[in-house]
Amino acid sequence: MTSPSVVPTPNKRSLHLPKSCILVPSNRAITRARPSAKFMDLPLEIFQSIHMYSGSESLPVVNKYLQSRFSNVYYKARWVLYKQCPTKDQLCNTYTNKSGASQLDIILTRRLCDKEVLLRVLEIWENQLRQYEREERAKQLELWEREKEQERQRCWSSPNPEETPPEPEPPYPSPRATRIPRRLLRTRPGTQPRLDPYVRFLVGRFQILPDADGCYPLLRGAADRNYELIQWLIQLGASVTTNESIAFKAAIVNQDLKMMRLLMQPDEKKYGKKRQLTVTNRVPLFCRMPCARQWVDLALQHKAYDIVRWLVDEKGLTPSLKGIMNLESAGYNCFEQEHPQEKAPRQEQRRKNKKRKL
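All the letters of the sequence shown, read from the start, carry residue numbers 1 to 358 under full-length UniProt numbering.
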């Protein structure tokens, strides 16, 4: 009889052991070793170290078990800050790239940096900067005391009570965001476009200008039909004429007359909605847009005929000769309220009436 822990040596073909078992060869028999520890059995500190050095933002969402372990707000803030600013120079530097984005702007691009994580990041960052200032001030005073002691020993003079320590270095600037994160302006698939409350918080906290990132906020709002975002940006003073008025072009491509009227809202409030359009009295906003007359051709190209009528009737713009000829060749007159499908039977009826008269 053999012991339960020792198995006689079988043939190689009849060996059917689980993969978790390790075969340890010996002189007489093959013994079964215990299975190795699983990845999920590692301590939390090792998980956090792996996550810290790997830089993978998707590791905490692999499964529910890991997600529960990485749910600590303080750990998220520490991980984000270490990932972007691992050195002292990066913590104390305000801007990083040529576009003028700050370190905090890059941190805000990460999905896990919500409001709670951001507040904890600012707290850790601010404490670290003030600690650097205290350390540098202590070194400065120590160096000043040493130089003063050496000068006194060299000149054999008594200490001068009027000597004052040097002025401290200017403090490091606090971290601040300079633009709205683009991920917060996009509309997720399957959801209605809306204004994220987190965007309101960031703009109010850091006094971000609505035109800080060029015309992207207006462009994204016009492309996604986000009327709430557009109205809020205009109230903050966003300029609709920047970047060749690309927000108007996005509204024309979407055939969105409501968005066109909303973008023209600040100009209509300033100069009035109804007034006569003459040679000497043009719409001021269109006078500041050299490319506005191309909008009629763009609207004709995308078959936005309601926008064409609005631009021609209310704003006094005219399409180019090529655009008018294309409309005539297509058999459609955008300046008439009738649709071509409704107009064709009437033309046929008129032809029949003429034949009867003849």
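Ideal placement from N, C-alpha and C gives every residue a C-beta, glycine not left out.
On a predicted model such as this, the values are computed, not experimentally measured, just so you know.
Runs of the beta strand (DSSP E) lying entirely within the stretch 145-217 and spanning at least 3 residues: none are present. The residues Ile252, Ile307, Val308, in chain order, have a CB closer than 6 angstroms to that of alanine 299 in the same chain once the five nearest residues on each side in sequence are set aside. The beta carbon of aspartate 196 sits closer than 6 angstroms to the beta carbons of Leu184 from its chain, once the five residues preceding and following it are set aside; these are given in chain order.
Judged by their CB atoms, glycine 237 and proline 193 are not nearer to each other than the 8 angstroms cut-off. In the three-state scheme derived from DSSP, where H, G and I count as helix and E and B as strand, serine 49 is classed as helix.
Spanning the alpha carbons of proline 319 and glutamine 235 requires a straight line of approximately 31 angstroms. Judged by DSSP secondary structure, phenylalanine 248 falls within the alpha helix (DSSP H) whose first and last residues are 246-253.
Taking 8 angstroms as the upper bound for CB-CB distance, arginine 111 and glutamate 57 are in contact here, some 7 angstroms apart.
When the five nearest sequence neighbours on each side are left out, the beta carbons in the same chain lying within less than 6 angstroms of the beta carbon of lysine 76 are those of Leu112, Val117, in order along the chain. Collapsing the DSSP output to three states places serine 71 in coil. Closest by C-alpha distance to leucine 263, out of Leu59, Asn226, Val296, is Asn226.
Shown here for leucine 257: same chain residues with a beta carbon closer than 7 angstroms to its own, the five before and five after excluded, namely Asp306, Ile307, Trp310 in chain order. By the beta-carbon neighbour count (other beta carbons within 10 angstroms, threshold 16), arginine 152 is exposed. Only exposed fits phenylalanine 201, as fewer than 16 other CB atoms lie within 10 angstroms of its CB. Annotation: threonine 241 to leucine 104 spans about 28 angstroms, alpha carbon to alpha carbon. Take alanine 304, set aside five residues on each side of it, and the residues of its chain with a beta-carbon closer than 6 angstroms to its own are Ile252, Gln255, in chain order. Residue environment: alanine 138 is assigned as exposed (fewer than 16 neighbouring CB atoms within 10 Å of its CB, all protein chains considered).
Counting the other Cβ atoms within 10 Å of the Cβ of methionine 259 gives 16 or more, which makes it buried. For arginine 309, the enclosing alpha helix (DSSP H) has its first and last residue at 305-313.
The continuous alpha helix (DSSP H) containing arginine 261 extends over residues 257-263. Only residues of its own chain outside the window of five on either side were considered, and among them Leu59, Pro60, Phe70, Trp79 have a CB closer than 8 angstroms to the CB of histidine 51, listed in chain order.
Our two residues, serine 68 and serine 239, have alpha carbons roughly 45 angstroms apart in a direct line. In the DSSP assignment, leucine 112 falls outside any alpha helix (DSSP H), carrying neither H nor E. When the five nearest sequence neighbours on each side are left out, the beta carbons in the same chain lying within less than 6 angstroms of the beta carbon of leucine 229 are those of Leu195, Gly221, in order along the chain. With contacts defined as CB atoms closer than 8 angstroms, threonine 191 and aspartate 224 fail to qualify as a contacting pair.
The residues Ala177, Thr178, Arg179, Ile180, Leu202, in chain order, have a CB closer than 7 angstroms to that of isoleucine 208 in the same chain once the five nearest residues on each side in sequence are set aside.
Counting along the chain, no alpha helix (DSSP H) covers glutamate 57, and no H or E run does either. Its chain contains Leu104, Trp125 as the residues whose beta carbon lies nearer than 6 angstroms to that of proline 175, once the 5 sequence neighbours on both sides are disregarded; these appear in chain order. Taking C-beta separations shorter than 6 angstroms and ignoring five residues to either side along the sequence, the partners of isoleucine 107 in its chain run Val80, Gln84, Cys113, following chain order.
Collapsing the DSSP output to three states places leucine 317 in coil.
Exclusion of the five residues before and after proline 165 leaves Leu141, Trp144 as the residues of its chain whose Cβ lies within less than 7 angstroms of its Cβ. Taking all protein chains in view, the Cβ of serine 49 is surrounded by fewer than 16 other Cβ atoms within 10 Å, so the residue is classified as exposed.
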